[in-house]
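The next block holds one structure in the form of structure tokens; read it before the comments.
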Amino acid sequence: MSNTDDFKRYICKVCGYIYDEARGDPDSGLAPGTRFEDIPDDWYCPDCNVTKADFTALEPRAAEPDTTAVASVWSGPEGGNDPDAIVIIGGGMAGWALAESLRERDPHRTIRLITADSGDYYSKPRLSNAIQREVAPADLVEETGPARAARLRIELMPFLRVLDVQRERKRVITPRGGIAYGQLVLATGARPRQLAFAGGAEAPLVVNSLDDYRRLRVALEAGAAAPERTRVAIIGAGLVGCELADDLSAGGYPVALVERAPGPLSGLLPSLLAEDLRAALEACGVQWHTGATVERIEMSEQGCRRLSLAGGDTIEAEVVISALGLVPNRALAERIGLACHQGIEVDAFLGTTDPAIHALGDGCEFDGRLRPYVETLRGQAAALARTLSGEPTAYQPDAGIVQVKTSSLPLNVRPPQQSDAGAGEWVEIVGDGTGRHLEYYARGRVAGFALSGVHARGVRELERRLGQPASASDEHRHRLAS
Amino acid sequence: MLQTRTDGQTGVSPAAGPADADIPLKALVESDLAPLTARIDREGVYPEAFLREAGRLGAFKRHLASQNATASTDIAGAIRATEVISAECMTTGFVAWCQNACAWYVENSASDVLKREALPKLANAEALGATALSNPMKWFANIEDLKLTAERVDGGYVVSGALPWVSNLGQDHYFGAIFRTTGDNPRPLMALINCADPGFSLTACPEFTALEGSRTFGCHFDRVFVPDAHILADPLPEYIRRIRPGFVLLQMGMGLGLIDGCIQTMREANETLAHVNGYLDDQVGELEEVLGDARSACYALAETPFDDSEAFFADVLQLRLTGSEMSLRASQSALLHCGARGYKADAAAQRKLRESYFVAIVTPAIKHLRKELARIHAH
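Chains as they are written, first to last, in our numbering: chain W, 734 to 1215; chain U, 5 to 383.
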């Protein structure tokens, strides 16, 4: 035996058996110290019978860096068995707002929050105005899921999707097993409406979650080209479409905006303000295609997509975003037999048709309406936290003010409610270079308003005047067709 | 933010059929399999007669819409059949899964020849089949390299290389294999191989700690000719996305059945030892609840086996991981419930302990599953 320090080891590529020269293979007649090159060709791997030709010098494999110690933050359902637990399904703003309000009211109740993503907390409205400020996706996270869970002393179950709920057994069924609940809350949110376009290009991007925003940033930066050379087409000039158009054009991206209606935010804005918004975005370089629908999206050369509009126009863009509104996620509620209409139907106390299950946020339908707004989910979380802590509290709907965060023309709008719409008229109080202040009068009272530019800041004052008599002097103001 | 798995997906099979569909199979397990269980485990007896008979009863075609009477892809039904078998003997449950997986490959393939010639026989266990996808599964997960290579020749491919251990093999058994082509347009392909193909040979494996009756062999390919008609998929990736949820879900029959068997063993032990077993961590009632939850999750996922989204496959992998963890927990509890009587060499409890470790290490193993889930959940 020569120098014992330089014995080498060889691994069978087929089964992983290791031949160690120091040990040999005495069962096959290879004495300890037999060099690999001295092994006869008719020797076979003792575990899988291949010859030495299938062996290779062993190079220990470095362990990969632990980039993702995420998968087992929650370990098994052992802890999932408190029958009085409040279990929240959904880790968006509504789910977290409820968890926070509940913890404030009850320091001891077991609260579990199940979410399909990491549970990291971020403000969804910020997703549509983060580009111009060059906010990295990670910087939108205000608090990580585990940190927030620890602070609120709740149990976070991240990366977990709910497959079923067994209402008789009061158990939530997941791929990690069952979770008992005393009260279950569906904060399952809404997802972007997606249309299937002909033409074979991949589906347009949507912007409804932090993961979506990550994908958008990747797409925008894919060509490593300057923003001016990355054209963006947005389908839909609703709230998200207009905010994104504003944000992206301020960030230097050429934006084309396609809208089926004659103008932006149709159904929300009085036509005068719709025209102002259109002009404001146009001044930022947004190219409008109103009264237009997309028929096909095709890939053309060099990562460029070609959108064909009904009527024959075409738009070329490197990035295509769909912003066609939200659809409540009600599949789980429907599966388990809860009453659903547009969203999950809830009563005044946000109860569903099962007394042990409540719902809040973008996924629920209160009083026949969807209210996918942050102010709504905050009010609902506060009321529901009281109810679930033993103090039944009806949800009092907020005024329904919609904030449009287009920096080129900020807007605060409170459209007239259905019962008033058509029963009154828009009146212009101020209209000049600083923006506009419109009020909607129905049956002699203030039933809505629309504020833009610097006047948008007066929103709280106007909110107080809702329902108050329209002042006499206002009767002389300029009346507008709605 | 939160998606439920059912969004936008339509079910293709009932979550669970009538439980009495399993009665003839249960009777066969009791009469023909149970007397052999210890010998299958310890002496390596291969339960061939049982498999053939179970095949005649239709146990291996519930998931094959082209072959069963209801024309439905009843994955849950196929899982339940494997559960019934595994609760008694997991070696046999494992080979039942091999059989199911092999037929699943052909059912979802583009090969009309194989669908005509091999599939009806596999569906009835007239022909027996295996799955040699452990290596490719690990290859997909960046754990190891593909071990088989192929050259293009006139009318097909010539495959060479070796796979360390593949189960449910025999003289004329079929199995699915993935190899990498060389030359122009190198790519992975999948084909159905027959053990009788010229150039193919089986070699004995080292003795394992359990599942000795699973007919597990080393597979050696010495320029085995594979005709184009036996190619299951080309291109491969789309096909893999189609078959992989079913492939993994069907494995759940092993774990769920094993847990069920462990609970039965615990119940029997409690007839005389309940007064002391009450001090153990896991009780019959708790494990029954765990099993009920896992079954519900499994059958719910089995409703949409052709959902090819990554989110759905993550659910399937997570459930598979849960199944492994629960199997280890249940078998440990069964042994502790039985005490020394469960430690006897012919006791069911110690056999189930060894079987449960197989659930945990057979591809995809616990570590493999955690690696994949970490990758999917990483940004």
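Glycine included, each C-beta is placed from N, C-alpha and C at the ideal position.
Rounded to whole angstroms, how far is the Cβ of residue i from the Cβ of residue j, which I believe are closer than 8 Å?
i, j, result
"Gly165 (chain U)", "Lys142 (chain U)", "Not confirmed; about 15 Å, so no contact."
"Glu293 (chain U)", "Gly911 (chain W)", "7 Å"
"Leu262 (chain U)", "Ser90 (chain U)", "5 Å"
"Phe54 (chain U)", "Thr96 (chain U)", "6 Å"
"Pro249 (chain U)", "Phe316 (chain U)", "6 Å"
"Ile1077 (chain W)", "Glu1098 (chain W)", "7 Å"
"Gly915 (chain W)", "Asp817 (chain W)", "4 Å"
"Asp775 (chain W)", "Lys746 (chain W)", "Contact flag wrong, Cβ pair sits at about 19 Å."
Looking at residue j and residue i, is the spacing between their C-beta atoms short of 8 Å?
i, j, result
"Gln103 (chain U)", "Gly133 (chain U)", "yes"
"Leu236 (chain U)", "Gly180 (chain U)", "yes"
"Gly203 (chain U)", "Asp176 (chain U)", "no"
"Leu1218 (chain W)", "Ser1141 (chain W)", "This structure cannot speak to residue 1218 (chain W), because chain W is shown only from 734 to 1215."
"Leu919 (chain W)", "Ala1066 (chain W)", "yes"
"Arg1169 (chain W)", "Glu1161 (chain W)", "yes"
"Cys302 (chain U)", "Leu260 (chain U)", "yes"
"Gly969 (chain W)", "Glu992 (chain W)", "yes"
"Ile1069 (chain W)", "Asp297 (chain U)", "no"
"Ala1092 (chain W)", "Leu1103 (chain W)", "no"
"Arg345 (chain U)", "Ala351 (chain U)", "yes"
"Val99 (chain U)", "Leu29 (chain U)", "no"
"Ser1055 (chain W)", "Val1163 (chain W)", "no"
"Trp108 (chain U)", "Ile197 (chain U)", "no"
"Pro891 (chain W)", "Ser851 (chain W)", "yes"
"Glu376 (chain U)", "Leu305 (chain U)", "no"
For residue i, which residues from the same chain have a beta carbon less than 6 Å from its beta carbon, with the 5 sequence-adjacent residues on both sides left out?
i, result
"Glu355 (chain U)", "Position check: residue 355 (chain U) holds Arg in this sequence, whereas Glu was assumed. Counting only Cβ-Cβ distances below 6 Å, and skipping sequence neighbours, we find Asp45."
"Asp815 (chain W)", "Thr843"
"Ala1138 (chain W)", "Reading off the sequence shown, one finds Lys at residue 1138 (chain W), where the question assumed Ala. Here the set comprises Asn862, Glu976."
"Thr14 (chain U)", "Residue placement at Thr14 (chain U) is poorly supported in this model, since its pLDDT is 36, which falls under 50; the coordinates still yield a value, given next. Once the five neighbours on either side are set aside, Thr14 (chain U) has no close Cβ partner at all."
"Arg964 (chain W)", "Pro987, Ala1050, Glu1051"
"Thr220 (chain U)", "Trp169, Ser171, Cys209"
"Ala1081 (chain W)", "Ala1127"
Which one of the options has the shortest CA to CA distance from residue i?
i, options, result
"His372 (chain U)", "U:Pro140, U:Leu215, U:Leu173, U:Ala136", "U:Pro140"
"Val1053 (chain W)", "W:Glu1172, W:Glu770, W:Leu949", "W:Leu949"
"Ile244 (chain U)", "U:Leu277, U:Pro192, U:Ser300, U:Arg156", "U:Pro192"
"Glu272 (chain U)", "U:Ala338, U:Ala298, U:Leu37", "U:Ala338"
"Met826 (chain W)", "W:Leu846, W:Ala818, W:Asp817, W:His841", "W:Leu846"
"Gly186 (chain U)", "U:Tyr161, U:Leu206, U:Ser205", "It is Thr, not Gly, that sits at residue 186 (chain U) in the sequence shown. For the residues U:Tyr161, U:Leu206, U:Ser205, the minimum Cα distance to Thr186 (chain U) belongs to U:Tyr161."
"Gly257 (chain U)", "U:Arg333, U:Leu196, U:Arg84", "U:Arg84"
"Val363 (chain U)", "U:Pro249, U:Phe317, U:Gly327", "U:Gly327"
"Gln268 (chain U)", "U:Gln287, U:His279, U:Arg374", "U:Gln287"
"Gln1150 (chain W)", "W:Tyr1173, W:Gln1129, W:Gln1035", "W:Tyr1173"
"Asp853 (chain W)", "W:Ala871, W:Arg859, W:Ile864", "W:Ala871"
"Phe212 (chain U)", "W:Glu1034, W:Ser761, W:Leu893, W:Cys781", "W:Cys781"
Here's a check: name, in chain order, each residue in its chain whose Cβ is nearer than 7 Å to the Cβ of residue i, leaving out the five neighbours to either side.
i, result
"Gln255 (chain U)", "Trp101, Arg324"
"Asn1062 (chain W)", "Thr921, Gly922, Ala923, Arg924, Gly1096"
"Asp799 (chain W)", "Since pLDDT at Asp799 (chain W) reaches only 49, below the 50 mark, its modelled position is unreliable, and no value is offered."
"Glu833 (chain W)", "Leu885"
"Ala1115 (chain W)", "Ser834"
"Glu811 (chain W)", "Confidence in Glu811 (chain W) is poor, its pLDDT being 48 and thus under 50, which makes the residue's placement unreliable; the coordinate value appears in the next sentence. Result list for Glu811 (chain W): empty, nothing under 7 Å."
"Pro1202 (chain W)", "Gly1177, Arg1178"
"Gly48 (chain U)", "Glu216, Gly217"
Under the DSSP definition of a beta bridge, which residues are partnered with residue i?
i, result
"His224 (chain U)", "U:Ala166, U:Ser205"
"Met890 (chain W)", "W:Ile847"
"Asp758 (chain W)", "W:Leu763"
"Pro239 (chain U)", "DSSP lists no partner for Pro239 (chain U)."
"Asp739 (chain W)", "In DSSP, Asp739 (chain W) forms no bridge with anything."
"Ser1185 (chain W)", "W:Leu1144"
"His1091 (chain W)", "W:Val918, W:Gly1084"
"Pro925 (chain W)", "W:Leu1059"
"Val134 (chain U)", "According to the sequence displayed, residue 134 (chain U) carries Ala and not Val. Paired residues: U:Phe179."
"Gln71 (chain U)", "DSSP output for Gln71 (chain U) lists no bridge partner at all."
"Leu196 (chain U)", "U:Gly180"
"Arg1039 (chain W)", "W:Glu1031, W:Glu1049"
Under 8 Å Cβ to Cβ from residue i, same chain only, skipping five residues before and after it: list those, please.
i, result
"Thr767 (chain W)", "Glu754, Gly757, Asp758"
"Glu1196 (chain W)", "Ala1132, Ile1134, Arg1147"
"Leu1042 (chain W)", "Val991, His1022, Ala1025, Thr1026, Val1027, Glu1028, Ile1048"
"Lys903 (chain W)", "Pro816, Ala913, Tyr914, Gly915, Leu917, Ala1089"
Check whether the Cβ of residue i lies closer than 8 Å to any Cβ atom in chain B.
i, result
"Glu293 (chain U)", "The structure shown has no chain B; the protein chains it does contain are W and U."
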